[in-house]
Amino acid sequence: MSGQARKICMLGDFGVGKTSLVSRFVSNTFSERYLTTVGVKVDSREVLRDGADPVKLVLWDIAGRSALDALNTSYLRGASGLLLVADGTREATLRAALDLLMQSRALLPKADAILLINKLDLVDRWEVAPATLAELRESLPVYETSARFGDGVERAFADLAGRVAA
Amino acid sequence: MNAREGSFPPEIENLVARLLIERARPLVVCCDRDWRIVDVHGDVEAFGCDGRGEQDCAVEFEELFLGLPLDEPVDLPFVQLKTGRVAHVSLVPGDAGYTIVFLDAQLEHDRQRVQQQLGNEAALAGQQKTRAIQQLREIRGELEQQRTRLQEANALKNALIATLSHDFRTPLTSIFGYLHLLEQHVDRDDDTQLSLRAIRRNATYLLTLSENLLEYGRSESGATLLNPEGIELQALVDDLDAMFRPLASDLGLAFLIELEDRGEQRPILDETRVRQVLVNLLSNAVRYTARGGVVARIAWRGDVLEAEVRDTGIGIPEEFRERIFVPFNRGVRNGSKGAGLGLSIVKRLVEQMRGELTFTSVAGQGTCFRVVLPTLRRENGDADRIADEGAWMHSHSALVVDDDPDVAQLLEMLLVDIGFRVRVVHDADTAITEALANPPDVLLVDVELPRLSGNTVVFRLRAQGYRGRIVTLSATPTAEARAAAIAAGTDHYLTKPLNIEQFVRIMRRAVGG
Numbered sequence: 000m001s002g003q004a005r006k007i008c009m010l011g012d013f014g015v016g017k018t019s020l021v022s023r024f025v026s027n028t029f030s031e032r033y034l035t036t037v038g039v040k041v042d043s044r045e046v047l048r049d050g051a052d053p054v055k056l057v058l059w060d061i062a063g064r065s066a067l068d069a070l071n072t073s074y075l076r077g078a079s080g081l082l083l084v085a086d087g088t089r090e091a092t093l094r095a096a097l098d099l100l101m102q103s104r105a106l107l108p109k110a111d112a113i114l115l116i117n118k119l120d121l122v123d124r125w126e127v128a129p130a131t132l133a134e135l136r137e138s139l140p141v142y143e144t145s146a147r148f149g150d151g152v153e154r155a156f157a158d159l160a161g162r163v164a165a
Numbered sequence: 000m001n002a003r004e005g006s007f008p009p010e011i012e013n014l015v016a017r018l019l020i021e022r023a024r025p026l027v028v029c030c031d032r033d034w035r036i037v038d039v040h041g042d043v044e045a046f047g048c049d050g051r052g053e054q055d056c057a058v059e060f061e062e063l064f065l066g067l068p069l070d071e072p073v074d075l076p077f078v079q080l081k082t083g084r085v086a087h088v089s090l091v092p093g094d095a096g097y098t099i100v101f102l103d104a105q106l107e108h109d110r111q112r113v114q115q116q117l118g119n120e121a122a123l124a125g126q127q128k129t130r131a132i133q134q135l136r137e138i139r140g141e142l143e144q145q146r147t148r149l150q151e152a153n154a155l156k157n158a159l160i161a162t163l164s165h166d167f168r169t170p171l172t173s174i175f176g177y178l179h180l181l182e183q184h185v186d187r188d189d190d191t192q193l194s195l196r197a198i199r200r201n202a203t204y205l206l207t208l209s210e211n212l213l214e215y216g217r218s219e220s221g222a223t224l225l226n227p228e229g230i231e232l233q234a235l236v237d238d239l240d241a242m243f244r245p246l247a248s249d250l251g252l253a254f255l256i257e258l259e260d261r262g263e264q265r266p267i268l269d270e271t272r273v274r275q276v277l278v279n280l281l282s283n284a285v286r287y288t289a290r291g292g293v294v295a296r297i298a299w300r301g302d303v304l305e306a307e308v309r310d311t312g313i314g315i316p317e318e319f320r321e322r323i324f325v326p327f328n329r330g331v332r333n334g335s336k337g338a339g340l341g342l343s344i345v346k347r348l349v350e351q352m353r354g355e356l357t358f359t360s361v362a363g364q365g366t367c368f369r370v371v372l373p374t375l376r377r378e379n380g381d382a383d384r385i386a387d388e389g390a391w392m393h394s395h396s397a398l399v400v401d402d403d404p405d406v407a408q409l410l411e412m413l414l415v416d417i418g419f420r421v422r423v424v425h426d427a428d429t430a431i432t433e434a435l436a437n438p439p440d441v442l443l444v445d446v447e448l449p450r451l452s453g454n455t456v457v458f459r460l461r462a463q464g465y466r467g468r469i470v471t472l473s474a475t476p477t478a479e480a481r482a483a484a485i486a487a488g489t490d491h492y493l494t495k496p497l498n499i500e501q502f503v504r505i506m507r508r509a510v511g512g
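Listed in order, the protein sequences are those of chains A and B.
All residue numbers for the first sequence refer to numbering that gives the first Met the number 0, where the first residue is 0 and numbers rise by one.
All residue numbers for the second sequence refer to numbering that gives the first Met the number 0, where the first residue is 0 and numbers rise by one.
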């Protein structure tokens with residue numbers, strides 16, 4: 000299996016929707032109830048790719064933290080990809096996601112990373128400005144997603160799958 | 000108490016081992032290097048693995064340790080397994096494969112989750128609260144800005160009304176004067192006489208309107224000082240008769256105005272306001288009466304003035320009675336042609352004089368307004384206070400420095416209205432000379448003067464030891480402009496368009512009023 004499987008760590012502040020994104024991607028479900036994650040939950044799904052072998056993403060849904068020093072770094076070991084998640088309605092979570100990216104680079108210098116700005120369904124309440132995302136896109140793949148309705152989710156995971164399988 | 004190092008007695012070690020095993024319910028799974036399960040020890044049921052196929056378990060184990068270096072021990076705390084249970088998971092590499100140890104962590108996980116959940120929810124609620132407060136601040140800021148704009152617009156409106164109505168007076172005075180002269184020289188039967196009456200009727204309406212507008216603007220600015228003086232009641236009645244009898248006559252109405260009691264020759268009242276009250280009531284009565292007539296009775300009884308104006312006009316329907324004192328309420332009465340200010344001004348003036356205004360009306364039959372005004376001298380020394388106020392009013396002087404004649408005139412008018420003696424100059428040099436030669440109680444100076452600015456005037460005066468109060472006016476509402484004026488030595492800085500309430504307050508404060 001190891002030839003087609005890649006470990007992906009979901010990183011981000013609490014309440015940004017990491018667990019919801021995994022649920023939407025793996026089982027196409029969504030729960031309105033916020034339930035905080037403690038420790039880690041491991042899930043997986045195979046991603047089919049045009050003209051290439053499928054790749055299995057093993058998703059480590061890690062408890063939300065704004066900094067790695069509060070996170071058990073043993074969860075990160077062996078990860079090929081990082082899926083950073085921020086909540087568009089809380090600008091501080093974008094800063095947290097970028098901090099986590101900087102910190103995890105020290106542990107995982109070769110890991111591919113993408114950034115998901117979640118809660119697109121609440122775009123009227125977004126604090127993250129479009130110009131900020133335009134600037135971020137110059138250094139990092141950025142996707143606006145809605146775990147509630149699924150917008151952008153498949154595309155984001157597929158992009159990361161392509162990167163980590165390459 | 001000294002603790003001894005070394006192993007525990009066997010029975011204690013057995014006890015501890017038994018307790019830990021009971022709590023952790025360990026499951027030990029031995030796999031080969033391809034993750035095939037070769038041996039299992041411990042509580043399979045506790046982790047829900049009893050019903051699962053070996054293949055499923057093998058896949059899960061492989062996913063758990065994917066990408067990790069498997070030649071060294073691995074510890075993963077709080078791992079939620081696919082069965083839903085939570086365990087601390089450790090991997091110990093061996094020669095033939097791996098030993099995976101699962102220790103139950105469900106209780107600890109649940110306990111931590113409750114705490115974490117509460118903390119996170121509180122933090123999210125706090126962020127929402129902060130955001131809501133920020134939004135409220137922004138809304139409040141916007142409302143403040145709107146309020147300021149409205150105040151400025153209102154001040155401008157009041158200034159405009161005051162200026163316009165003030166400017167009406169001079170030409171109207173000429174019109175009435177020349178009308179009087181012409182009426183003396185024209186035969187009563189002549190058609191010209193009728194034309195002159197029409198002119199008088201309309202000029203009277205204009206005068207009433209301008210007086211009302213002036214009063215409206217004045218009361219909006221808060222400048223409402225009474226002016227108690229002895230009134231010649233008979234003279235007042237004669238004036239009113241001369242003013243309204245021709246109008247009533249033209250409309251075919253009977254008109255009577257009489258003074259019932261002549262006991263007190265000169266009661267102390269504010270003549271201007273009393274006259275304005277009666278003019279408005281009579282004007283309305285004549286205007287809204289098509290048949291019959293208007294009767295006004297004025298009496299001085301003891302220490303109150305009683306006035307009654309009765310007409311046989313259209314009356315005020317029940318549904319409009321609440322609104323007749325609201326300013327600009329045109330259309331309340333059928334056939335209304337006025338600005339809708341008259342009765343609101345009457346009510347305000349009567350209240351200013353601490354009197355009472357009542358009315359009775361029957362739609363289609365007529366209306367009767369009654370006014371009772373107490374003497375200004377008898378109310379707890381109010382007359383003295385007002386007299387003192389009057390003395391205060393005229394004991395303070397102001398020097399206005401503004402090159403714009405309209406603004407200068409407006410300032411002069413406002414200051415006169417609140418009781419200042421006012422001198423006006425239009426340039427900086429004259430202002431300095433005048434202020435030093437004859438220091439006013441307040442110097443009101445515009446910043447934007449030609450050649451030398453108002454700030455220069457203030458600076459030069461202060462530099463020469465001038466110690467009087469100075470109020471600076473400017474069209475520049477910035478903090479820098481204010482700071483510059485203060486640095487030059489002004490005491491107060493006001494911006495245009497003028498907020499009249501603030502202006503009156505500052506000017507009074509400047510002279511210690």
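Idealized CB from N, CA, C, for every residue including glycine.
- Looking at the backbone, the Cα of residue 34/A and that of residue 100/A are separated by about 24 Å.
- Contact between residue 27/B and residue 82/B is ruled out by a C-beta separation of about 17 Å, above the 8 Å threshold.
- Per the coordinates, the alpha-carbon of residue 20/B lies some 21 Å from the alpha-carbon of residue 73/B.
- According to DSSP, residue pairing for residue 9/A in a beta bridge involves 60/A and 82/A.
- Under DSSP, the beta-bridge partners assigned to residue 100/B are 27/B and 89/B.
- Residue 280/B and residue 249/B have their C-alpha atoms spaced approximately 18 Å apart.
- Using beta-carbon distances, residue 458/B does not count as an interface residue toward chain A, since no partner is under 8 Å.
- For the set 237/B, 9/B and 214/B, the Cα lying nearest the Cα of residue 344/B is the one of 214/B.
- When C-beta distances to chain A are compared with 9 Å, the residues of the region 55 to 69 of chain B below that value are 58, 59, 61, 62, 63, 64, 65, 66, 67 and 68, in chain order.
- For residue 486/B, the closest of 511/B, 508/B, 501/B and 460/B by C-alpha to C-alpha distance is 460/B.
- Annotated as distal: residue 116/A and residue 158/A, with beta-carbon spacing of 8 Å or more.
- Excluding the 5 residues flanking it on each side, residue 401/B has same chain C-beta neighbours closer than 6 Å at 407 and 445, in chain order.
- Under the Cβ distance rule, residue 74/B counts among the residues neighbouring chain A, one pair being separated by less than 8 Å.
- Beyond the five residues adjoining it in sequence on each side, residue 364/B comes within less than 8 Å, by CB distance, of 311 and 314 in the same chain, given in chain order.
- Listed as beta-bridge partners of residue 466/B by DSSP are no residues whatsoever.
- Counting only the Cα atoms, residue 134/B lies some 31 Å from residue 152/A.
- Annotation: residue 102/B has no Cβ neighbours in chain A at a cutoff of 7 Å; minimum Cβ distance is about 13 Å.
- Going by DSSP, residue 431/B is part of the alpha helix (DSSP H) stretching over 427 to 436.
- Residue 148/A is outside the set of residues whose beta carbon lies under 8 Å from a beta carbon in chain B.
- Counting C-beta pairs with one atom in each stretch, the region 8 to 28 of chain A and the region 36 to 43 of chain A have three or more that are closer than 8 Å, which means they touch.
- Listed along chain B, no residue sits closer than 8 Å to residue 85/A by beta-carbon distance, the nearest being about 14 Å off.
- In this structure residue 275/B is buried. Its beta-carbon is surrounded by 16 or more other beta-carbon atoms within 10 angstroms.
- In the three-state DSSP reduction, residue 65/A falls in the coil class, being neither helix nor strand.
- Under the DSSP assignment, residue 292/B falls in the beta strand (DSSP E) whose first and last residues are 292 to 300.
- Interface criterion met: the Cβ of residue 76/A is under 8 Å from a Cβ in chain B.
- Pairing residue 80/A with residue 105/A gives a Cβ-Cβ distance that is not under 8 Å.
- Taking CB atoms only, residue 123/B has a neighbour in chain A less than 8 Å away.
- Looking at the DSSP output, residue 229/B sits in a beta bridge with 267/B.
- Annotation for residue 472/B: 445 and 493 place their beta carbon closer than 6 Å to its own, counting only its chain and skipping 5 residues before and after.
- For the pair of segments examined, the region 117 to 127 of chain B was found not to touch the region 37 to 47 of chain B: the number of CB pairs separated by less than 8 Å stays below three.
- For residue 79/B, the number of other beta carbons within 10 angstroms of its own is at least 16, and it is reported as buried.
- Listed along chain B, the residues sitting closer than 7 Å to residue 73/A by beta-carbon distance are 74 and 75.
- At a C-beta separation below 7 Å, residue 119/B has these neighbours in chain A: 13, 14 and 35.
- In the displayed model, residue 128/B falls within a helix according to three-state DSSP.
- Nearest Cα to residue 421/B within the set 32/B, 433/B and 346/B: 433/B.
- In the displayed model, residue 471/B falls within a strand according to three-state DSSP.
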